[in-house]
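Asks: The structure is given below, and queries will be raised subsequently.
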Amino acid sequence: KLCEGILNILEKDTKTSCQVACLEALRILSRDKKVLVPVTTKRNMQILMKLAKLDTVEDPLERVSEFPVIVEALKCLCNIIFNSSVAQKLSLELNLAAMLCNLLQKCKDRQLVDDIKCFDLRLLFLLSLLHTDIRAQLRQELQGVQVLTQALETSLSVRWTEEYKAAEDRDRPPLSLQETDCAIEALKALFNVTLDSWNVHSKNESHQFRYMAAILRHCLLTMGPTEEKTEELH
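Numbering-wise (the UniProt record's numbering), the sequence shown opens with residue 1 and increments by one.
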């Protein structure tokens with residue numbers, strides 16, 4: 001009942017601070033699988049997707065004041081999908097992976113969106129881990145390898161000297177914590193999406209995997225903010 005009450009409030013046009021507080025409470029409650037059973041419905045998933053700006057294809061990410069709401073809604077979706085097989089099935093029906101790829105593209109050239117990008121990537125990782133049909137959809141329909149590779153490239157701030165050769169700058173500073181976390185989530189999602197990609201058929205696929213290999217090499221030469229984070233990245 002508490003979760004339903006929170007979702008009823010979130011469905012209304014409430015203040016940003018109220019939305020964030022409600023989402024934080026829902027995120028904590030959503031760690032309990034028993035609590036999730038009555039609230040994992042198509043309607044409730046759509047409420048959270050709307051708050052995460054996953055229902056708007058064209059609208060850019062412009063209102064910085066809304067960013068905390070987007071991040072918390074993505075965190076809630078991560079918990080719900082991880083803990084609920086019903087939510088995993090609904091994700092395919094609601095075309096969640098396509099919406100996440102679209103949001104990721106909006107993050108590409110924007111500042112102050114690292115948290116949004118990180119939890120978008122984490123949700124793509126969970127979907128590709130827990131649902132084989134979504135993994136196939138990402139690979140075949142949504143250009144998931146390209147989208148995730150570009151996200152990794154941006155997180156690592158790769159500069160190119162040749163088509164498949166990244167610039168090596170041994171004096172550049174370590175990645176920030178946010179950049180490192182984004183790169184790690186992109187790598188995890190890429191692993192799932194390319195898991196069954198041992199047989200490359202097309203010229204475009206061949207280019208994409210050579211491009212990704214060059215970025216992965218660059219990743220191995222990149223330092224994180226701490227020794228532990230560098231080890232996790234590698």
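The C-beta atom is built at its ideal place from N, Cα and C for all residues, glycine as well.
How should CYS191 be labelled, buried or exposed, when 16 other C-beta atoms within 10 angstroms of its C-beta is the threshold for buried?
Replies: According to the sequence as given, residue 191 is Phe; it is not Cys. When all chains shown are included, PHE191 counts as exposed.
Asks: Are the beta-carbon atoms of ALA73 and LEU138 separated by less than 7 Å?
Replies: Taking 7 Å as the Cβ cut-off, ALA73 and LEU138 do not qualify as a contacting pair.
Asks: Thinking C-alpha only, which one of ALA213, THR41, ASN79, PRO174 is nearest LYS229?
Replies: Selected option, being the one with the closest Cα: PRO174.
Asks: May I ask which residues mark the beginning and end of the beta strand (DSSP E) holding THR16?
Replies: Here THR16 belongs to no beta strand (DSSP E); instead the alpha helix (DSSP H) covers 16-29.
Asks: Apart from the five residues just before and just after ALA213, which ones in its own chain have a Cβ nearer than 8 Å to its Cβ?
Replies: Here the set comprises TYR164.
Asks: For GLU162, which beta-bridge partners are listed by DSSP?
Replies: In the DSSP output, where bridge partners are listed per residue, GLU162 has LYS165.
Asks: Determine the direct distance from the alpha carbon of THR194 to that of MET45, and round the result to whole angstroms.
Replies: In a straight line, the C-alpha of MET45 is about 28 Å away from that of THR194.
Asks: For the alpha helix (DSSP H) containing HIS234, list its first residue and its last residue.
Replies: No alpha helix (DSSP H) contains HIS234, which DSSP labels as neither H nor E.
Asks: What do you get for ILE70, buried or exposed, if any count of 16 or more other CB atoms within 10 angstroms of its CB means buried?
Replies: It is buried - the Cβ of ILE70 has at least 16 other Cβ atoms within 10 Å.
Asks: Could you give the distance in angstroms between the alpha-carbon of THR154 and the alpha-carbon of CYS118?
Replies: About 12 Å.
Asks: Under the rule that 16 or more other beta-carbon atoms within 10 Å means buried, what is LEU177, buried or exposed?
Replies: Burial call: exposed.
Asks: Please work out which residues of its chain come closer than 8 Å, Cβ to Cβ, to residue 246, disregarding the five sequence neighbours upstream and downstream, and give them in chain order.
Replies: Residue numbering for the chain in the displayed model covers 1 to 234; residue 246 lies beyond these limits and cannot be assessed.
Asks: Between the alpha carbons of LEU152 and LEU104, how many angstroms are there, rounded?
Replies: For LEU152 and LEU104, the distance between alpha carbons rounds to 11 Å.
Asks: For GLN88, which option in ASN102, GLU205, TRP160, LEU126 has the closest C-alpha, if you only look at C-alpha atoms?
Replies: If we check each option's Cα against that of GLN88, LEU126 comes out closest.
Asks: Whose C-alpha, out of GLN19, LEU2, LYS108, is nearest the C-alpha of LEU121?
Replies: Checked all of GLN19, LEU2, LYS108; the closest Cα to LEU121 is LYS108.
Asks: Cα-Cα, which of ILE116, ILE6, ALA21 is closest to ALA186?
Replies: For ALA186, the nearest C-alpha among the options comes from ILE116.
Asks: At the level of alpha carbons, what is the spacing between ASN79 and LEU7?
Replies: Distance between the alpha carbons of ASN79 and LEU7 is about 15 Å.
Asks: Hey, how far is the Cα of THR40 from the Cα of VAL86?
Replies: In a straight line, the C-alpha of THR40 is about 7 Å away from that of VAL86.
Asks: On the DSSP letters alone, give me the boundaries of the alpha helix (DSSP H) that THR132 sits inside.
Replies: Where THR132 is concerned, the enclosing alpha helix (DSSP H) stretches over 132-140.
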